[in-house]
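Going by numbering that gives the first Met the number 0, the first residue of the sequence shown is number 0, and it counts up by one from there.
Here a beta-carbon is modelled for each residue, glycine too, at the ideal position from N, C-alpha and C.
Predicted model, so just to flag it, every value in this text is computed and none were measured.
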Amino acid sequence: MYKYLIIAMLLVGCAHNDMPSTGDISAERTASIAQIREQTTTFGGNIVSDDVVVTGRVTSSDSDGNFFRSLIVEDESGAIELRIKSYDLATLYPEGLLVSLHLRGCALGYDMGILQAGSKGEEYDYYAVDYLETTQSINRVIRRSTDVSPLTPRRCAIRDIGRADCGRLIRVDNLTLRHTTSIDTLEGMTLNDATWQGYALFFDEKGDSIAVYTSPDARFAKQSIASTPLSVTGIVQWCKYNGGEECPHLKMRYTSDYEEM
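Put into structure tokens, the structure is as follows:
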């Protein structure tokens, strides 16, 4: 029933938001995401000049506020982030929706290890890849199907996570909190006072570490972090922990992306 409801919403959403019509996109793919990643070796916002089309399922969601103007699509080989200057993406492109991305004319680059596509940023911009802003440019790049089937997160040990996993949806189990930026130790706060907002560093049973970053705008930002071992699901990023050393990060989508073991 849920799947049919999503399909009905997609069809209504197309008419209401002037989005492209839905249909069969299975024959449109010309490359895997991993192949695009292998050919994108710089951060400089290179423009795609060929008719390159990748197909995959949406894994991100902005419904709980931890993702913003970001649509992440994953296939069997990797993941790509499309930067879109639009809101309520979870309604237009729900988790599990099969889409194709027509990348000709898009700029490609990386941020936090994630392959990005969008418009080319200005030379003075921090990001080499900027947002797709107009309805026309968004419709040109994204084609939607009516096939909705959320991906099962891949269970992964921290030590097995690599940079090629950036953008992919994974689950890591048996995580114990070791540090967080959400508390002020000078005020006498301890890990028992920790919330998700900001950076949180976890260790697994083998002593390997992974960080979780949560935006202050996320609905679950003020929720407490349990002291017991947790399972955390999220999108892989690779960046500095609280401005220090680089390590893998997870970015959750929903409150349900973490649970006590």
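- By DSSP's assignment, S118 forms a beta bridge with D129.
- The beta carbon of K221 sits closer than 7 angstroms to those of T194 and Q196, all from its chain and outside the five residues before and after it, given in chain order.
- At the C-beta level, G117 and Y130 come within 7 angstroms of one another.
- By the C-beta criterion, the segment 58-66 is judged not to be in contact with the segment 100-111, since fewer than 3 inter-stretch pairs fall below 8 angstroms.
- At least 7 angstroms separates the beta-carbon of L229 from that of Y198.
- Beta-bridge partners of G197 (DSSP): T213.
- Excluding sequence positions up to five before and after G95, its CB lies within less than 6 angstroms of the CB of R56, V147, S148 and P149, all in the same chain and listed in chain order.
- Three or more beta-carbon pairs drawn from the segment 200-215 and the segment 151-158 are found closer than 8 angstroms, and the two stretches are therefore classed as touching.
- One alpha carbon belongs to N191, the other to D183, and they sit about 12 angstroms apart.
- The beta-bridge partner set that DSSP reports for G108 consists of Q115.
- Counting only residues of its own chain and dropping the five nearest sequence neighbours on each side, G77 has a CB closer than 6 angstroms to the CB of I32, A33 and R36.
- Membership of I234 in the beta strand (DSSP E) is indicated by the continuous run L229 to K239.
- Going by beta carbons, E80 and Q115 fall inside the 7 angstroms limit.
- Judged by their CB atoms, I141 and V211 are not nearer to each other than the 7 angstroms cut-off.
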